[in-house]
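Participant: Residue numbers (our numbering): -14 to 392. Note that beta-carbon positions come from the ideal geometry of N, C-alpha and C, so glycine has one too. Below is a structure I'd like to ask you about.
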C-alpha cells in the first residue's frame, strides 16, 4: 500500500513544487474562480457574485479562487471563514453564506481606509501606508489569521506584482513567491499582509515591502538562471504592488490550471472623454490608463474567445487547446446582452452609474454599497445562466438586499 502524504506536510509542498509549471499546457478538470481589482466597489460586487454562485451550486465545487486588489479583500474573508461555512447541503450550497460572508463585507465597507492610512503612513514615526492598510484589514476582517489558516481546498491565491522582477507574485497556503525569486514553503504570512500587498494601489498605498529571514526562500526545480549574489538581493527585500498592475482580472492562476473558469470583474470601465488636460503629468496618467485598458481588453477578449469555444462542449474533459468552459461578467456589462429567462430586473442607467463609482478603499454609502452587492449578484446570475452550459442548480434569484433595488 502506498503511504499517503498529509496535505500540509513539507513533503507535500515539495511534491507540488517539483511538478509545478508556470506555463500553460497542463490544464485539468476543475473549477477556478477569479476576482478582479477595483477597491471597495469590486469587494462588494464580488460578494454579490459569490452569493449567486453559491446558490447555483458552483462555489462549493471550486478548486481554486484567485484574486487581485479589492477582490482579494472578499477572497481573504471567504478564505478564513470557509471552514465555518460547514459542509455544503445536498445541492452543493452553503445555507448561511449571506450572514457569514456578505453581511460582514458590507459592514467592513463603511470604513475609510485609503485616506486615513495613507496620511498616517506619511508620518515619520509610523510604518508605510501599505502596512497601515494591513493593520486596518486585520482589525476589521482577518483578526490575526495567516495563510496557514486558509483551507487546503479550495486553494486561495492572493496575487500581487513584484516590481523587481515584473511578474506575478502569489501568496497561498503551500507557498508564496514568483518564478524568478523562488518560493517560501508553508508561509505563516498574515492574510491581512497578503491582501494588503495584493491591493497596494500605486502610488499612494504602494509598495508593500516583504522582508523575510535569510534562508526562507527555495528555488523552483526549473528557475531562471541568476547569479547567486543577485538572487540573494532579490530575496532580501521583495518590493510588491497591486496585483492588478500585472493581471487586473486575476485569471493567470486559474486559466493555466483548470478547464472551467468563472471570472468576476469589478474593475472600473475606461472613460472616453473629449476634455483632457494636456500638461505633462495629465498626459502621462492618461497614457498609463490607455495602456492598462488595452492590456485588460486583450486579456478579456482572449478569455471570452476561450469560453465561446469551450462552452460548446458538453464535457469539460473533452476540451482541447486553449478552450475553457465558464463565464465572464463585469461591473460594466450591459444587462440587455445577458438576459436569460426570469432574470432579475435592472435599469441600465443604474448599473452604468454603479460601474463608475470611484475606486476607493473608503465608504461608498450604505445605499450604493447594497446596490453594488445586488448588481454583482444579478449580473453573475444573468451571465452564468446565459452563457455557461455546465451543471448548475435550478435556483430562482432573489436580491440579497431587497431595500436596494436596481430598477
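For residue 14 and residue 289, I'd like the C-alpha separation in whole angstroms.
Facilitator: 19 Å
Participant: Within 10 angstroms of its Cβ, does residue 239 collect 16 or more other Cβ (buried), or is it exposed?
Facilitator: The residue in question, residue 239, is buried, as its Cβ has 16 or more Cβ neighbours within 10 Å.
Participant: Who are residue 289's beta bridge partners in DSSP?
Facilitator: Answer by DSSP bridge pairing: none, since residue 289 is not bridged.
Participant: Out of 349, 49 and 386, which one is the CA nearest neighbour of residue 246?
Facilitator: 49
Participant: Should residue 127 and residue 61 be called a contact, given that it needs their Cβ atoms to be closer than 9 Å?
Facilitator: yes
Participant: Where DSSP assigns a beta bridge to residue 154, which residues make up the other side?
Facilitator: 145
Participant: Between 182, 271, 35 and 251, which lies nearest to residue 259 when the distance is taken from Cα to Cα?
Facilitator: If we check each option's Cα against that of residue 259, 271 comes out closest.
Participant: For residue 94, is the classification buried or exposed, using 16 other Cβ atoms within 10 angstroms of its Cβ as the cut-off for buried?
Facilitator: buried
Participant: To the nearest angstrom, how far is the alpha carbon of residue 8 from that of residue 351?
Facilitator: Residue confidence for residue 8 is low, a pLDDT of 48 falling below 50, so the modelled location carries little weight; the figure read from the coordinates is stated next. A direct Cα-to-Cα measurement between residue 8 and residue 351 gives close to 43 Å.
Participant: Measuring straight from C-alpha to C-alpha, what distance separates residue 374 and residue 297?
Facilitator: 8 Å
Participant: In the DSSP assignment, find the unbroken beta strand (DSSP E) run with residue 353 in it and report its ends.
Facilitator: Taken as a continuous stretch (DSSP letters only), residue 353 belongs to no beta strand (DSSP E), being part of the alpha helix (DSSP H) at 351 to 372.
Participant: If the criterion is Cβ atoms closer than 9 Å, does the pair residue 361 and residue 82 meet it?
Facilitator: Taking 9 Å as the cut-off, the beta carbon of residue 361 is found no closer than this to the beta carbon of residue 82.
Participant: Report the rounded CA-to-CA distance for residue 354 versus residue 138, giving the unit in angstroms.
Facilitator: 30 Å
Participant: Mind checking who residue 59 pairs with in its DSSP beta bridge?
Facilitator: Note: residue 59 sits in no beta bridge, so no partner.
Participant: According to DSSP, simplified to helix, strand and coil, what is residue 186?
Facilitator: coil
Participant: CB of residue 389 to nearest heavy atom of the ligand COA: below 8 Å?
Facilitator: Only the bare structure without any ligand can be found here, which leaves the ligand COA out of the picture.
Participant: Between residue 359 and the rest of its own chain, which residues show a CB-CB distance below 7 Å, the 5 nearest in sequence each way excluded?
Facilitator: 33, 384, 385, 386, 389 and 391
Participant: For the alpha helix (DSSP H) that contains residue 119, what are its first and last residues?
Facilitator: According to the DSSP assignment, residue 119 belongs to the alpha helix (DSSP H) that extends over 114 to 122.
Participant: What does residue 256 pair with, by DSSP beta-bridge criteria?
Facilitator: Under DSSP, residue 256 forms no beta bridge with any residue.
Participant: Just checking my contact of residue 24 with residue 346 at CB under 8 Å: how many whole Å lie between their CB atoms?
Facilitator: 5 Å
Participant: Determine contact between the stretch 329 to 346 and the stretch 67 to 84, defined as no fewer than three beta-carbon pairs at a distance below 8 Å.
Facilitator: No, the stretch 329 to 346 is not in contact with the stretch 67 to 84.
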